[in-house]
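Asker: Please find one structure pasted underneath; my questions will follow.
Protein chains: 2
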Amino acid sequence: MENKLAVQLLSSIAQEARLDIFRLLVQAGSEGLAAGAIGETLKIPLSTLSFHLKGLSVAGLINARQVSRFIYYSANYEAMNGLLVYLTENCCAGQQACCPDLSCNATDNEIKSCKEIKS
Amino acid sequence: MENKLAVQLLSSIAQEARLDIFRLLVQAGSEGLAAGAIGETLKIPLSTLSFHLKGLSVAGLINARQVSRFIYYSANYEAMNGLLVYLTENCCAGQQACCPDLSCNATDNEIKSCKEIKS
DNA sequence: ACAATATTTCTATATTTATGGAAATATAGA
DNA sequence: TCTATATTTCCATAAATATAGAAATATTGT
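Protein sequence lines correspond, in order, to chains A and B.
Going left to right, the first sequence walks through residues 1 to 119 as our numbering numbers them.
Going left to right, the second sequence walks through residues 1001 to 1119 as our numbering numbers them.
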């Protein structure tokens, strides 16, 4: 990831309504939610919501797919993970004692290991 | 963490210069860097740099400490970690197959376990 | 007290972003 | 084709943010 892309992603969630939208979608899972459902849940006027959904989409932090009349929006987990890694890269001069070690979650196997420990 | 605080933190790094500054400090470790050293490394005019350092400080993402004539800025790792957790909380409807499981890094012991696996 | 260094504040200007009502577009069912 | 539903685009206005030169402030050594 490079600076400009990261700024795009960060800008897209650096706003109260958009952060709420994004977190809702992160929690909703890959199926996502229709625009109307998002607006209803978060009580956001539709034109405003549409403006923000577009911002998140253009940045690349959420995906949209049309299902008949509905448009389902979902979190782009890859983009999110890339951003988190970018932010914490080479943390603490390589000692990495002070930040979550995201690289331990970077591959599927490592994620599995991490979860096994937890359970 | 709550929405408004997270937006504050995100806004503070949702800008090219400030993201560079923050990442430089994340990598520098807890000792931090003097303002002048940051400006020199990143080629940012001092008044602009000062404006951005203030933004990051007010948001709470970096700390400042004065050492004689120098002011050392350092990353606030707690704030950063809190933000990362907030973003990924309850990811994927609790299945957490799609995002780094930061909660496995949430405590020191868990971080240790995670690292042991990796090595 | 003076000079040198480190950093911030002041200032004006330029740019970007957010808001929500009203109208437009798109899809689907009767 | 008519109607209802879902979502977006248009628009004007309001507000927040970024830039960097010049001047001001703070600290230290002589």
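Where is the CB? At the ideal position from N, CA and C, for every residue including glycine.
Please report whether the beta-carbon of residue 43 of chain A lies at a distance below 8 Å from any beta-carbon of chain B.
Answerer: Not an interface residue.
Asker: For residue 64 of chain A, collect the residues of the same chain with a Cβ closer than 6 Å to its Cβ; drop the 5 residues on either side in sequence, then sort them by chain order.
Answerer: These residues qualify, in order along the chain: 57, 71 and 73.
Asker: Give the straight-line distance between the Cα atoms of residue 1030 of chain B and residue 1075 of chain B, rounded to the nearest whole angstrom.
Answerer: Each residue's Cα considered, the two are about 7 Å apart.
Asker: Just checking: is the beta-carbon of residue 121 of chain A within a distance shorter than 8 Å of some beta-carbon in chain B?
Answerer: Outside the displayed span of chain A (1 to 119) sits residue 121 of chain A, for which this structure offers no information.
Asker: Report buried or exposed for residue 28 of chain A, applying the criterion of at least 16 other Cβ atoms within 10 angstroms of its Cβ.
Answerer: Looking at its Cβ environment, which holds 16 or more other Cβ atoms inside 10 Å, residue 28 of chain A is buried.
Asker: Mind the definition here: the region 42 to 61 of chain A touches the region 6 to 23 of chain A only if three or more C-beta pairs lie below 8 Å; say whether that holds.
Answerer: As far as the Cβ criterion goes, the region 42 to 61 of chain A touches the region 6 to 23 of chain A, which means the pair count is three or higher.
Asker: Please report the distance separating the alpha-carbon of residue 1098 of chain B from that of residue 1038 of chain B.
Answerer: Rounded to the nearest angstrom, the two C-alpha atoms are 36 Å apart.
Asker: Hey, quick one: how far does the beta strand (DSSP E) through residue 1008 of chain B stretch, first residue to last?
Answerer: No beta strand (DSSP E) contains residue 1008 of chain B, which is instead part of the alpha helix (DSSP H) from 1003 to 1013.
Asker: Could you give the C-beta distance for residue 1077 of chain B and residue 1001 of chain B, rounded to a whole number, given that I count them as a contact under 8 Å?
Answerer: Not really, about 14 Å apart at Cβ, beyond 8 Å.
Asker: With DSSP run on the structure shown, which of helix, strand or coil describes residue 1050 of chain B?
Answerer: Correct three-state label for residue 1050 of chain B: helix.
Asker: By the 10 Å Cβ neighbour count, where 16 or more other Cβ atoms means buried, how is residue 1067 of chain B classified, buried or exposed?
Answerer: By the 10 Å Cβ count, residue 1067 of chain B comes out exposed.
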